[in-house]
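Q:
In the numbering used here, the protein residues as written are 412 to 571.
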């Protein structure tokens, strides 16, 4: 009987969290410039499957989202996410992927759109952040990276 009561309380708590928009799962996530220790939380938040590949000088966490979009998080040997890339039929949550660079990206994209009549691919670059994004409904691609955080021997072309 005690187990049934605990299960009932857990289900009620989960339902309440759902109604309030809260999550019982930790909301920390890996993002550009942050530690890779929470990549698993990104997988949960994006409801994705994940495969990890190791290349010379970095590790790639490749996640496939339910709608088919593929997100790759590039992690340096130091454990810092130095780049992210996406490709697929739906845009991923860029605020989640870009972390603290999300605000900078929004501001830069807005300025780019105003200067280019609001159409076409976007390319923004500052001294510490680069983002390229293109696409149309059903086919989106992009990449963002931190030039100063690229491991030795790694170039922007490696982030795809």
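Backbone N, C-alpha and C fix where the C-beta goes; we use that ideal spot for every residue, glycine too. Owing to the predicted nature of the structure, the values given are computational and were not obtained by experimental measurement.
Using the beta-carbon count (16 or more within 10 Å), is residue 519 buried or exposed?
A: buried
Q: Going by beta-carbon coordinates alone, are residue 478 and residue 501 separated by less than 8 Å?
A: Yes, these two residues count as a Cβ contact at 8 Å.
Q: Here's the rule I'm using: 16 or more other beta-carbon atoms within 10 Å means buried, otherwise exposed. How should residue 432 be labelled?
A: Interpretation of residue 432 is limited by its pLDDT of 32, a score under 50 that renders its predicted location unreliable; no figure is taken from the coordinates.
Q: Is the Cβ-Cβ distance between residue 474 and residue 459 less than 8 Å?
A: yes
Q: Under the rule that 16 or more other beta-carbon atoms within 10 Å means buried, what is residue 472, buried or exposed?
A: buried
Q: Please confirm whether residue 498 and residue 470 have their CB atoms less than 8 Å apart.
A: no
Q: In the DSSP output, which residue or residues are listed as bridge partners for residue 461?
A: 474
Q: Quick check on residue 467: buried or exposed, where buried means 16 or more other Cβ atoms within 10 Å of its Cβ?
A: exposed
Q: Going by Cα to Cα distance, which pick from 551, 533, 549 is closest to residue 543?
A: Nearest of 551, 533, 549 to residue 543, Cα basis: 533.
Q: Does DSSP classify residue 547 as helix, strand or coil?
A: strand
Q: Specify whether the stretch 521-532 and the stretch 504-513 touch according to this definition: at least 3 beta carbon pairs, one from each stretch, less than 8 Å apart.
A: no
Q: Name, in chain order, the residues that DSSP records as bridge partners for residue 555.
A: 495, 542
Q: Can you look up residue 489 in the DSSP assignment and give me helix, strand or coil?
A: coil
Q: In the DSSP assignment, find the unbroken alpha helix (DSSP H) run with residue 511 in it and report its ends.
A: Element bounds for residue 511: n/a, residue is neither H nor E.
Q: My guess is that residue 487 and residue 562 are in contact by the Cβ rule of under 8 Å, so how many angstroms apart are they, rounded?
A: 5 Å
Q: What would DSSP say about residue 481, mapped onto helix, strand or coil?
A: strand
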